[in-house]
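S.K.:
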Amino acid sequence: MGIETIINLSLLTLLALSAIVLMRLQNLLAVVLLSGIYSLLSAGLFVSLDAVDVAFTEAAVGAGLTTILLLGAIAIIGKEQTVSRHGKLLPLVVIAITASALIYGTLDMPIFGDPTAPIHAYVAPRYLFQSGEEIGIPNVVTSVLASYRGYDTLGEVAVVFTAAIGVLLLLGKPNK
Amino acid sequence: MFISATIAILVVMLILLLRAALGPTVFDRILAINTFGTATVLLIALFGFLTKRPDFMDIALLYALINFTSTIAVLKLFRYGSLGKAEDE
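Protein sequence lines correspond, in order, to chains A and B. Read in order, the letters of the first sequence correspond to residues 12 to 187 in my numbering. Read in order, the letters of the second sequence correspond to residues 3 to 91 in my numbering.
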């Protein structure tokens, strides 16, 4: 067993432990702090799975922004959780059905790192070998982002632009 | 050497998680979370050197920055009871 497997297994075990602790705690401030730990752990897991950009987003949004947002919510609603009056059977049934559907969905997935997986066999060779002739840009990543997925990128740019306008409208209000 | 350091960091993470879960006071938990962020930074740095690709150091640095901001936010909430009105009061 390689060292990477050991690291992945330890990180997953710590993730499960922190999730159980998150469920058992009643103090909301501790819950928010532990959710920060949860996202730091999952960001570490993403790094070890080579998804560095996802790890970047998880660290910035999950551990940074969400913690501060939830702290702002705690400042309004108070620090203790009120005991729920609903029964526990219905949520358990819903979660069991959802979880079994998700686990059933993973049965069809190719093994992690499988070179014959559809995502490696279908469009990636065309991007790698023919994008130079088809698009005329030497960098494959650039031609995928700017040409093959041009509309996708245009939509992302529109979303980021809208978000920037929203932030400017909220923060840029003059104080008289 | 990197392997033993990585395993040591993972053990430290487990102990910190226990402290954050059990911690009697809020300050124990804040300190545990802050140290956990530092442990994550170290883990990512060690992982980069372990897989012979130390290019991920900039992510580790981002984590260090984020760790700082959320700790400041928690302490501000604890001191003032809110996040936005500290200057007006």
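Using N, Cα and C, we set each Cβ at its ideal position, and we do this for glycine too.
1) For A:A170 and A:G83, I'd like the C-alpha separation in whole angstroms.
2) Looking at A:G55 and B:T71, is the spacing between their C-beta atoms short of 9 Å?
3) Can you tell me where the alpha helix (DSSP H) holding A:A174 begins and where it ends?
4) For A:L100, does the count of other Cβ atoms within 10 angstroms reach 16, so buried, or fall short, so exposed?
5) Can you pull the chain A residues whose beta carbon is under 8 Å from the beta carbon of B:T71, in chain order?
6) Can you tell me where the alpha helix (DSSP H) with B:I78 in it begins and where it stops?
7) Which residues share a DSSP beta bridge with A:N38?
8) Could one say the Cβ of B:V76 lies closer than 9 Å to chain C's Cβ atoms, at least one of them?
9) With 9 Å set as the bound, which would you pick, yes or no: does the beta-carbon of A:V63 sit closer than that to a beta-carbon of chain B?
10) Buried or exposed, going by whether 16 or more other CB atoms sit within 10 Å of the CB of A:V58?
11) State the CB to CB distance for the pair B:I32 and B:V76, rounded to an integer number of angstroms; the pair is presumed to be in contact (CB under 8 Å).
12) Is there a Cβ from chain B that is less than 9 Å from the Cβ of A:E15?
13) Is A:T153 a contact residue of the ligand NAD, with contact defined as CB to any heavy atom under 8 Å?
14) In whole angstroms, give me the CA-to-CA distance for B:I29 and A:T24.
15) What do you reckon, are the CB atoms on B:L19 and A:A86 nearer than 9 Å?
16) Could you spell out the range, first to last residue, of the alpha helix (DSSP H) harbouring A:A112?
17) Mind listing the chain B neighbours of A:G47? Cutoff is C-beta to C-beta under 7 Å, in chain order.
18) Between B:F58 and A:V63, which are expected to be in contact by the criterion C-beta below 8 Å, what is the C-beta distance as a whole number of angstroms?
19) Distance check for A:E69 and A:S53, CA to CA, integer angstroms please.
20) Straight-line CA distance for B:S84 to B:T73?
21) Compare the C-beta of B:F51 against all C-beta atoms of chain A and say whether one is closer than 9 Å.
22) Quick check on A:N150: buried or exposed, where buried means 16 or more other Cβ atoms within 10 Å of its Cβ?
23) Evaluate A:T93 with the Cβ neighbour count: other Cβ atoms within 10 Å of its Cβ, from every protein chain shown; 16 or more gives buried, anything less gives exposed.
24) Distance, Cα to Cα, A:E15 vs A:N38?
25) Give the straight-line distance between the Cα atoms of B:I9 and A:I48, rounded to the nearest whole angstrom.
M.R.: In short, the structure shows the following:
1) The question names Ala, but residue 170 of chain A is Val in the sequence shown. Distance between the alpha carbons of A:V170 and A:G83 is about 25 Å.
2) Not closer than 9 Å, so no.
3) G161 to L182
4) exposed
5) G75 and I79
6) Note on identity: in this sequence residue 78 of chain B is Lys, with Ile being the wrong assignment. Its alpha helix (DSSP H) spans residues M59 to Y82.
7) A:E91
8) In summary, chain C is missing from the structure at hand, where the protein chains are A and B.
9) The beta-carbon of A:V63 is placed less than 9 Å from the nearest beta-carbon of chain B.
10) buried
11) 6 Å
12) yes
13) This structure lacks the ligand NAD; in fact it carries no ligand of any kind.
14) Per the sequence shown, the amino acid found at residue 29 of chain B is Phe instead of Ile. Across the structure, B:F29 and A:T24 are spaced so that their CA atoms are roughly 25 Å apart.
15) The answer is no: Cβ separation not under 9 Å.
16) Under the DSSP assignment, A:A112 falls in the alpha helix (DSSP H) whose first and last residues are L100 to T117.
17) I35 and S72
18) 6 Å
19) 8 Å
20) 14 Å
21) no
22) exposed
23) exposed
24) 35 Å
25) Each residue's CA atom was taken as its position, placing B:I9 and A:I48 some 18 Å apart.
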